[in-house]
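Visitor: Going by our numbering, the first residue of the sequence shown is number 192, and it counts up by one from there.
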Amino acid sequence: MTVTIVCSRKPRNVLYHSKDHVVFEKVDKAYYVIDGKPPVYILAINELPMIPQNYPFLVFTSSENNFRQFLRKTFEERTFQYVRYAYAVRPKITKEELAMARRHYRLSEEELEFIKNDIGQELLSFYSTEDRLHGLSPEERLRGLNANELRKLKQLLENLENPPEREAKD
């Protein structure tokens, strides 16, 4: 049996106050261990390097800069499966970074569609009205309208086809 403690930051207080009783050895960047019975491992997420095998942990980094850097790496490397989890943890920052990534990394429509479908309805506010309607048939566009909106649309279309005549001034 082993005990593994995962924390966002290096647990300085624990490491400091336990030094008289146990010795934590730094095994690698972000990894600490006590060789005891049972062995205790500490993983400090903020200290992890930005490499793909750490991405599942980096979603939970407490550092906003690390979180943004993590998102940028996922966009750059096209590893979009983590965007959904990033959005669940920090939606505002994820939207901001996604808006920048769209231009900076030139995300294709297929990639944006994958991200949108993966995250779902919550992300619709990220898209402009034109982007949300793109690719929908006229029937699909009308499906979401209620009776009053349909009447108003009908009136607008009739006015386009037969504009009301202006009264001539004497």
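Don't be surprised by glycine CBs; every beta carbon is placed ideally from N, CA and C.
Spatial neighbours of Tyr273 within its chain, please: C-beta separation below 7 Å, excluding the five flanking residues on both sides.
Guide: The residues are Tyr246, Val250 and Thr265.
Visitor: What is the DSSP secondary structure of Val231, reduced to helix, strand or coil?
Guide: Strand at Val231.
Visitor: Counting beta carbon pairs with one atom in the region 327-336 and one in the region 297-306, are three or more of them shorter than 8 Å?
Guide: They do not touch, by the three-pair rule.
Visitor: Is the beta carbon of Val280 less than 8 Å from the beta carbon of Leu234?
Guide: No.
Visitor: Counting only runs of 4+ residues fully inside the region 197-266, write out the alpha helix (DSSP H) ranges in chain order.
Guide: List check, alpha helix (DSSP H) in window: 203-208 and 246-249.
Visitor: Please report how far the alpha carbon of Leu333 lies from the alpha carbon of Leu347, in whole angstroms.
Guide: Cα-Cα distance, rounded: 14 Å.
Visitor: Less than 8 Å between the beta carbons of Glu304 and Phe271, yes or no?
Guide: For Glu304 and Phe271, no; Cβs fall outside 8 Å.
Visitor: Identify the continuous alpha helix (DSSP H) that holds Asn350 and give its terminal residues.
Guide: Residues Ala338 to Glu352.
Visitor: What residue from Ile284, Lys307 and Glu216 has the CA that sits closest to Ser254's CA?
Guide: Ser254 has its Cα closest to that of Ile284, out of Ile284, Lys307 and Glu216.
Visitor: Quick one: residues in its chain with C-beta nearer than 8 Å to the C-beta of Pro243, no 5 flanking neighbours on either side, listed in chain order?
Guide: Here the set comprises Glu268 and Thr270.
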